[in-house]
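Take a look at the structure set out below.
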Amino acid sequence: QVQLVESGGGLVQPGGSLRLSCAASGSIFSIYNMGWYRQAPGKQRELVAAITSGGSTNYADSVKGRFTISRDNAKNTVYLQMNSLKPEDTAVYYCHANFKFDYWGQGTQVAVSS
């Protein structure tokens with residue numbers, strides 16, 4: 009079992025950047041496939057970016073070229089670097105881990121507004 013704690017959300021102007029972090033504890037982090045999801049008000053939760061235990065990544069089309077997911081297995085942490093943020097990126101961002109079961113963090117709010 010793994011516990012996930014996100015941090016790094018906040019309010020940023022359009023065009024700005026934020027880096028989200030997700031610290032994992034309770035299990036062997038390196039074996040987990042990790043991802044970031046987001047949920048905007050009135051919308052379904054959607055995959056933003058994912059990284060496998062082997063380091064392969066994939067992104068939603070809406071964030072390709074702007075967001076980068078990475079992981080540091082020594083620090084049990086996965087990151088989401090978000091650049092060129094747009095108002096439509098406003099959402100609660102959730103960290104996700106998968107190894108036989110799914111685990112979720114509590115979420116961190118990202119608001120993009122002038």
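Numbering follows the numbering used here, with no gaps: position 95 of the sequence shown is 103. For every residue, glycine included, the Cβ atom is placed at its ideal position computed from N, Cα and C. These numbers were taken from a predicted model, which means no experiment stands behind them.
Q) Is Ile-36 helix, strand or coil when you go by DSSP? A) Indexing the sequence shown from 1 puts residue 36 at position 28. DSSP places Ile-36 in coil when its eight states are reduced to three.
Q | Reduced DSSP category for Asp-123 - H, G, I as helix; E, B as strand; rest coil | A | Residue 123 is absent from the model: the chain starts at 9 and stops at 122.
Q) Straight-line CA distance for Gly-73 to Ile-36? A) Taking the first residue of the sequence shown as 1, we reach residue 73 at position 65. Taking the first residue of the sequence shown as 1, we reach residue 36 at position 28. Rounded to whole angstroms, Gly-73 to Ile-36 spans 30 Å at the Cα level.
**Q.** Buried/exposed call for Arg-79, threshold 16 Cβ in 10 Å
**A.** Locating residue 79 in the sequence shown gives position 71, counting from the first residue. Looking at its Cβ environment, which holds 16 or more other Cβ atoms inside 10 Å, Arg-79 is buried.
Q. Start and end of the beta strand (DSSP E) containing Gln-11?
A. Numbered from 1 along the sequence shown, position 3 holds the residue referred to as residue 11. Counting along the chain, the beta strand (DSSP E) containing Gln-11 begins and ends at 11-15.
(Q) Let me check one thing: in DSSP terms, what residues is Ala-57 bridge-paired to? (A) By 1-based counting over the sequence shown, the position of residue 57 is 49. Answer by DSSP bridge pairing, in chain order: Trp-44, Tyr-67.
Q) Rounded to a whole number of angstroms, what is the C-alpha to C-alpha distance between Ala-58 and Asn-84? A) If you number the sequence shown from 1, residue 58 lands on position 50. If you number the sequence shown from 1, residue 84 lands on position 76. For Ala-58 and Asn-84, the distance between alpha carbons rounds to 15 Å.
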